[in-house]
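Under the numbering used here, the first residue of the sequence shown carries the number 10, and numbering increases by one thereafter.
All C-beta atoms in this analysis are idealised placements derived from N, C-alpha and C, irrespective of residue type, glycine included.
The model shown is predicted, which means the values in this text are computed figures rather than measured ones.
Structure first, then comments.
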Amino acid sequence: MILKNNKIYSTISLCARARRLCSGNFSVERAVKTQSAYVVIVAKDASDNTKKLFDQKCNYYGIPYYEYGTKDELGKYTGNEMRTSVAILDEGFGNQIIKYMNVNENMEV
Numbered sequence: 010m011i012l013k014n015n016k017i018y019s020t021i022s023l024c025a026r027a028r029r030l031c032s033g034n035f036s037v038e039r040a041v042k043t044q045s046a047y048v049v050i051v052a053k054d055a056s057d058n059t060k061k062l063f064d065q066k067c068n069y070y071g072i073p074y075y076e077y078g079t080k081d082e083l084g085k086y087t088g089n090e091m092r093t094s095v096a097i098l099d100e101g102f103g104n105q106i107i108k109y110m111n112v113n114e115n116m117e118v
């Protein structure tokens, strides 16, 4: 794994240990609708319908949305088997993820 990815995954992992993260499509969708999510991350290998659902919901509620990693990686760093989506429920962690995602997007060619 490339070093720049580690900051995002380590923040997700830390957030999971602090219990400031929810994962799984139903929990994440509920967090978006109740506006308790600060950032939503969906795996790049998720279905197109899942990506579209969260993209539209996050856009409607004004929550930052990113497609990042794989289902296996998101699951590994949240302490689960596989996870298609995760929502960060803490503003501090959310801001860190946004910062790392923006740096990551600028580094990709």
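Can you check whether the CB of residue j is closer than 7 Å to the CB of residue i?
i          : j           : result
residue 50 : residue 112 : no
residue 52 : residue 93  : yes
residue 86 : residue 18  : yes
residue 88 : residue 25  : yes
Please list the terminal residues of the continuous alpha helix (DSSP H) segment that includes residue i.
i          : result
residue 36 : 34-42
residue 70 : 57-70
residue 84 : 80-87
In chain order, what residues of the same chain lie with their CB nearer than 6 Å to the CB of residue i, ignoring the 5 residues before and after it?
i          : result
residue 16 : 109
residue 99 : 29
residue 76 : 51 and 53
residue 64 : 74
Beta-carbon within less than 7 Å of residue i's beta-carbon, same chain only, minus the 5 sequence neighbours each way: which residues are those?
i           : result
residue 11  : Here the model assigns residue 11 a pLDDT of 43, short of 50, so the residue's position is not dependable, and the following value carries that caveat. Once the five neighbours on either side are set aside, residue 11 has no close Cβ partner at all.
residue 107 : 48 and 73
residue 44  : 70
Give the range of the beta strand (DSSP E) segment to which residue i is assigned.
i          : result
residue 74 : 74-76
residue 96 : 94-97
Since residue i and residue j should fall inside the 8 Å C-beta cutoff, what is the C-beta to C-beta distance between them, to a whole number of angstroms?
i          : j          : result
residue 40 : residue 80 : Between residue 80 and residue 40 the Cβ distance is about 18 Å, and since that is not below 8 Å, they are no contact.
For residue i, which residues from the same chain have a beta carbon less than 8 Å from its beta carbon, with the 5 sequence-adjacent residues on both sides left out?
i          : result
residue 27 : 99 and 102
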